[in-house]
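Here the structure comes first, spelled out in structure tokens, and everything after it is commentary.
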Amino acid sequence: MTPQLMSEPLSIYLNDHLTGAFGGAALARRMADTHPDSRRAAELRHLARDVEQDRDDLVRIMNSLAVPVRHYRTWLGLVGERIARLKPNGTLTRRSPLSDLIELEGMRAGVEGKTALWQAVRAIADNDPRLDPGDLDRLIQRAAEQTRTLSRWHRVVSEEVLVGRAAASGERAGTP
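Heads up: the sequence shown at position 110 corresponds to 141 in the numbering used here, and the numbers run straight through without jumps.
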């Protein structure tokens, strides 16, 4: 397959991930803003910054590959994140602790998808001088760290929300 034939699937693939990256960055920022006083607030802010940086790194990689950013798709990611807020969660007038658990699961799924993206692009990096294999290895490692953090939070929040162990931690139920 010639590089020109690959450009359309590559463009679609990267823009699909960019759509998710915009939604994921918005979710990460909202999670950090929703829990500014929790004991995990610093980790949430760090995660949000990393996810935003990953999104920017994806745009940089797309530019280096001459893949046009489909701006309407970035808006779809943001709209999708906002629509996801409308899910039924057991309450109508306040934020449900269950929202914290669902958001963590959404973030973890997004980070796992992002890891697959970095691995797919890394697979072609050795044959494309426009890509930096070391940079992609760094992005894969950062995504692995994000997965570990989200998995750890998921265990804690699962107990807080589903078993009611928040009193032992001194926080309100569900605060990530």
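Just so you know, even glycine gets a beta-carbon here, dropped at the ideal spot from N, CA and C.
Quick one: Cα of residue i to Cα of residue j, how far?
{"i": "Val187", "j": "Ser38", "result": "43 Å"}
{"i": "Arg86", "j": "Glu74", "result": "18 Å"}
{"i": "Ser42", "j": "Val82", "result": "21 Å"}
{"i": "Val192", "j": "Ser127", "result": "10 Å"}
{"i": "Phe53", "j": "Gln84", "result": "11 Å"}
{"i": "Asp166", "j": "Ala156", "result": "10 Å"}
{"i": "Ser130", "j": "Arg101", "result": "30 Å"}
{"i": "Glu10", "j": "Pro164", "result": "Examination of residue 10 is not possible in this model, given that the chain is present from 32 through 207 alone."}
Cutting at 6 Å between CB atoms, please list the residues of its own chain near residue i, excluding the five before and the five after it.
{"i": "Thr178", "result": "Val142"}
{"i": "Ala79", "result": "Ala59, Arg60 and Ala63"}
{"i": "Pro40", "result": "none"}
{"i": "Leu132", "result": "Val188 and Val192"}
Quick one: residues in its chain with C-beta nearer than 8 Å to the C-beta of residue i, no 5 flanking neighbours on either side, listed in chain order?
{"i": "His48", "result": "Leu89, Gly144, Lys145 and Leu148"}
{"i": "Ala151", "result": "Tyr44"}
{"i": "Arg139", "result": "Thr178, Leu181, Ser182 and His185"}
Around the C-beta of residue i, are 16 or more other C-beta atoms found within 10 angstroms, so that it is buried, or is it exposed?
{"i": "Ala154", "result": "exposed"}
{"i": "Ile92", "result": "buried"}
{"i": "Glu134", "result": "buried"}
{"i": "Asn158", "result": "exposed"}
{"i": "Asp168", "result": "exposed"}
{"i": "Ala97", "result": "exposed"}
{"i": "Ala174", "result": "buried"}
{"i": "Trp106", "result": "With a pLDDT of 49 at Trp106, under the threshold of 50, the modelled position of that residue is not reliable, and the figure given next carries that caveat. It is exposed - the Cβ of Trp106 has fewer than 16 other Cβ atoms within 10 Å."}
Figure out for me which residue from the options has the closest Cα to the Cα of residue i.
{"i": "Leu181", "options": "Val194, Leu162, Gly137 and Asn158", "result": "Gly137"}
{"i": "Ala56", "options": "Pro40, Ser69, His66 and His77", "result": "His77"}
{"i": "Ser94", "options": "Asp131, Gly54, Gln84 and Leu162", "result": "What sits at residue 94 in the sequence shown is Asn, not Ser. Closest option to Asn94, Cα to Cα, is Leu162."}
{"i": "Pro99", "options": "Ser189, Glu190, Asn46 and Leu132", "result": "Asn46"}
Suppose the cutoff is 7 Å on Cβ atoms and the five residues either side in sequence are ignored; what does the same chain contact list for residue i look like?
{"i": "Ile171", "result": "Thr146, Trp149, Gln150 and Arg153"}
{"i": "Pro214", "result": "Since the first residue shown for the chain is 32 and the last is 207, residue 214 is missing from the structure and cannot be characterised."}
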